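Structure, as structure tokens:
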Amino acid sequence: MSEEHKKVSIVCFSGDFDKVVAAFTIATGAAATNREVTIFFTFWGLNVLKKKQGRAWIGKNLLSRIFNFLMGGRNNLPLSRLNFMGASPKLMTGMMKGCNVATLPELIEAASALGVRLVACEMAMHVLGIDRDDLVDEVEDVAGVATFLNESEDAHIIFI
Amino acid sequence: MSHFIDITGEHCPMTFVKVKLALAKIGGGEELDVLLKEGEPLQNVPRSAEEQGFTVSGIEEKGNGNYLVRIRK
Numbered sequence: 001m002s003e004e005h006k007k008v009s010i011v012c013f014s015g016d017f018d019k020v021v022a023a024f025t026i027a028t029g030a031a032a033t034n035r036e037v038t039i040f041f042t043f044w045g046l047n048v049l050k051k052k053q054g055r056a057w058i059g060k061n062l063l064s065r066i067f068n069f070l071m072g073g074r075n076n077l078p079l080s081r082l083n084f085m086g087a088s089p090k091l092m093t094g095m096m097k098g099c100n101v102a103t104l105p106e107l108i109e110a111a112s113a114l115g116v117r118l119v120a121c122e123m124a125m126h127v128l129g130i131d132r133d134d135l136v137d138e139v140e141d142v143a144g145v146a147t148f149l150n151e152s153e154d155a156h157i158i159f160i
Numbered sequence: 001m002s003h004f005i006d007i008t009g010e011h012c013p014m015t016f017v018k019v020k021l022a023l024a025k026i027g028g029g030e031e032l033d034v035l036l037k038e039g040e041p042l043q044n045v046p047r048s049a050e051e052q053g054f055t056v057s058g059i060e061e062k063g064n065g066n067y068l069v070r071i072r073k
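What follows is the structure, encoded as structure tokens:
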């Protein structure tokens, strides 16, 4: 059955709250409608995958430690517009709950339950001084662009 | 054996997610009754179930824009 082989590959470059919600909405929707889904997290997107969900001094040198502290983790993702120093993502989560729309943690949990493959970009991890151990266990692979392209050969590629 | 799930309070993409996860839990030959709203859930939940090789054995109007879709695994 060819329907079983529909594939979607999402590049999550952004670490903005609203864009990450979009990435996980597409990912879970696609996985739930029988598609094979991979999300490749690079640069700012890696913040979503950090084990420490708040601000933490992750990194191999002073600069990367400061950088990672300032970026923070999943709980610090800023809204791409009208962030108001981090107040808006919390307000937005409240609005989503109020409308009974899945929040980011719920979407991430659903993605995991549906077997969405999470891949972290090796190069961005290297630049930001992030180790495999700094990322959540759900990350299936640490890979580069060649792996991503090979796996995405017959997939829809979405860049966020 | 028949199972039931109400997704009338859910929104995209959790409508599909909940049905997919519920279908994963039931055994072959068993049925899942899905109460859903007209519009996107009604258009796409039965279609995606059939794409996965399941059988949609009935769609029943329940009033107030709600439908009961029976899916056999």
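Respectively, the protein sequence lines represent chains A and B. Just so we're aligned, residue 1 is where the first sequence starts under my numbering, counting upward by one. Just so we're aligned, residue 1 is where the second sequence starts under my numbering, counting upward by one. Note that CB positions come from ideal geometry on N, CA and C, so glycine has one too. It should be emphasised that the depicted structure is a prediction, and the values quoted were computed from it without experimental measurement.
Pairwise C-alpha distance: residue j and residue i
| i | j | result |
| --- | --- | --- |
| B:I26 | A:L114 | 15 Å |
| A:V101 | B:D6 | 15 Å |
| A:V8 | A:L77 | 24 Å |
| A:E3 | A:D18 | For A:E3, the pLDDT reaches just 49, beneath the cut-off of 50, and the residue's location in the model is therefore unreliable, leaving the point undetermined. |
| A:L118 | A:T33 | 18 Å |
| A:E36 | B:M14 | 17 Å |
| B:A49 | A:G29 | 13 Å |
| A:I130 | A:Q53 | 14 Å |
| B:G28 | B:V69 | 17 Å |
| B:F16 | A:F84 | 33 Å |
| A:V136 | B:K62 | 44 Å |
| B:E10 | B:L23 | 17 Å |
| B:H3 | B:D33 | 6 Å |
| A:G94 | B:E30 | 38 Å |
| A:G144 | B:K37 | 42 Å |
| B:C12 | A:F13 | 23 Å |
Residue i classed as buried or exposed, judged by whether at least 16 other C-beta atoms fall within 10 angstroms
| i | result |
| --- | --- |
| A:N150 | exposed |
| A:M1 | Residue confidence for A:M1 is low, a pLDDT of 42 falling below 50, so the modelled location carries little weight; the figure read from the coordinates is stated next. The residue in question, A:M1, is exposed, as its Cβ has fewer than 16 Cβ neighbours within 10 Å. |
| B:T55 | exposed |
| A:R81 | exposed |
| A:W57 | exposed |
| A:C121 | buried |
| A:A146 | exposed |
| A:C99 | exposed |
| A:F163 | The shown model of chain A, from 1 to 160, leaves out residue 163 of chain A, and the question about it has no answer. |
| A:P105 | exposed |
| B:N64 | exposed |
| B:K20 | buried |
| B:M1 | exposed |
Chain B contact residues for residue i, given Cβ-Cβ distances below 8 Å
| i | result |
| --- | --- |
| A:L114 | V17, K20 and L21 |
| A:V8 | Those within 8 Å of A:V8 in chain B number zero; the least Cβ separation is about 12 Å. |
| A:N100 | G9, E10 and H11 |
| A:A22 | Near A:A22 there are no residues of chain B at all, since even the closest Cβ is about 11 Å away, more than 8 Å. |
Proximity below 8 Å, CB of residue i to CB of residue j
| i | j | result |
| --- | --- | --- |
| A:I26 | A:I108 | no |
| A:G59 | A:F67 | yes |
| A:V48 | A:G15 | yes |
| A:L128 | A:S64 | yes |
| A:T42 | A:A124 | yes |
| A:V20 | A:F40 | no |
Check: residue i C-beta below 7 Å from any heavy atom of the ligand SAH
| i | result |
| --- | --- |
| B:E10 | The ligand SAH is not part of this structure, which contains no ligands at all. |
Interface residues of chain B facing residue i [CB-CB closer than 9 Å]
| i | result |
| --- | --- |
| A:T162 | Absent from the model: residue 162 of chain A. The displayed extent of chain A is 1 to 160, so no value can be given. |
| A:A87 | Near A:A87 there are no residues of chain B at all, since even the closest Cβ is about 24 Å away, more than 9 Å. |
| A:A56 | Neighbours of A:A56 on chain B: none; closest Cβ ~30 Å, over 9 Å. |
| A:M124 | The question names Met, yet the displayed sequence has Ala at residue 124 of chain A. Neighbours of A:A124 on chain B: none; closest Cβ ~27 Å, over 9 Å. |
Chain A residues whose Cβ lies nearer than 8 Å to that of residue i
| i | result |
| --- | --- |
| B:G28 | Simply none; closest approach about 16 Å. |
| B:S48 | A32, T33 and N34 |
Amino acids of chain A, ordered along the chain, whose beta-carbon sits closer than 9 Å to that of residue i
| i | result |
| --- | --- |
| B:G65 | Neighbours of B:G65 on chain A: none; closest Cβ ~16 Å, over 9 Å. |
Beta-carbon neighbours of residue i, restricted to chain B and to distances below 7 Å
| i | result |
| --- | --- |
| A:T28 | P13 and V17 |
| A:A120 | Those do not exist, as A:A120 stays about 23 Å from chain B at its closest Cβ, beyond 7 Å. |
Query - Minimum length 4: unbroken alpha helix (DSSP H) runs contained in the region 84-135 of chain A - result: 87-98, 104-113 and 122-128
Query - Whole beta strand (DSSP E) elements within the region 8-61 of chain A, 3-residue minimum - result: 36-41
Report task. Could you list the residues in the region 134-158 of chain A with a C-beta less than 7 Å from some C-beta on chain C, going in chain order? Result -> Absent from the structure is chain C; the protein chains it does hold are A and B.
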